[in-house]
Amino acid sequence: PSIPVPSDDEDIADDLTLDELDFDDFSNMDAPPPPPSGPKVAFIPYDLAPRPKSVIKPIYPEIAQEAGIEGVVVVQAFIDERGRVKETLILKGVPNTGLDEAAMEAIRRTKFHPAEQRERPVAVWISIPVNFRLK
């Protein structure tokens, strides 16, 4: 909206009105598109976060090594009540390098101690950064 600014022109009438608006003109518009159907990651509270039983060891893709590509891939993983990885999603990746796929595969292979809520195992979503650094 514009900010009203006083005018030096004294010929402007104080009782100006807008033309009649016809709201029926909008009735022939298409409905908006449906919301995107992406994965629904629900927050599940926990007292103790899931912990990997071993070090997460991604296999560095050969093509990324040869190209000198480094980076951090952040994977969202769903860990069930038994510590198994049931689903993975890329939150932040390094596209078209193979690093995203290598990070997800490494996390899928990893066994976890499950998250706990009130000393009971619960299934939760967690974010896991996976570093790819050349030596």
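Residue numbers (UniProt numbering): 1 to 135. Each residue gets a CB set at the ideal place from its N, CA and C atoms; glycine is no exception. If you're wondering where the values come from, they're calculated on a predicted model, not measured in any experiment.
So is residue i buried or exposed if we call it buried at 16+ other beta carbons inside 10 Å?
i, result
"phenylalanine 43", "exposed"
"residue 136", "Because the chain in this structure spans residues 1 to 135, residue 136 falls outside the shown range and cannot be described."
"valine 55", "exposed"
"glycine 68", "exposed"
"proline 95", "exposed"
"valine 13", "Reading off the sequence shown, one finds alanine at residue 13, where the question assumed valine. Classification for alanine 13: exposed."
"alanine 106", "buried"
"proline 50", "buried"
"proline 58", "buried"
"valine 5", "exposed"
In the DSSP assignment, find the unbroken beta strand (DSSP E) run with residue i in it and report its ends.
i, result
"leucine 89", "85 to 92"
Looking only at DSSP bridge pairs, what is residue i linked to?
i, result
"arginine 120", "Gln117"
"glutamine 76", "Leu89, Ser127"
"proline 52", "Phe112"
Judging by CA-CA distance, which residue of the options is the nearest neighbour of residue i?
i, options, result
"alanine 64", "Arg51, Asp100, Asp30, Pro52", "Asp100"
"proline 52", "Ile69, Asn131, Val85, Pro34", "Val85"
"isoleucine 128", "Met104, Arg118, Ala67", "Met104"
"glycine 98", "Leu48, Asp22, Phe132, Ala13", "Phe132"
"threonine 110", "Glu87, Pro35, Val41, Lys92", "Glu87"
"aspartate 80", "Asp22, Pro114, Ile3", "Pro114"
"alanine 102", "Val74, Asp19, Asp30", "Val74"
"isoleucine 90", "Val41, Leu134, Pro35, Asp47", "Val41"
Determine the DSSP secondary structure at residue i, reduced to helix, strand or coil.
i, result
"arginine 133", "coil"
Which residues bound the alpha helix (DSSP H) around residue i?
i, result
"methionine 104", "99 to 109"
"alanine 67", "62 to 67"
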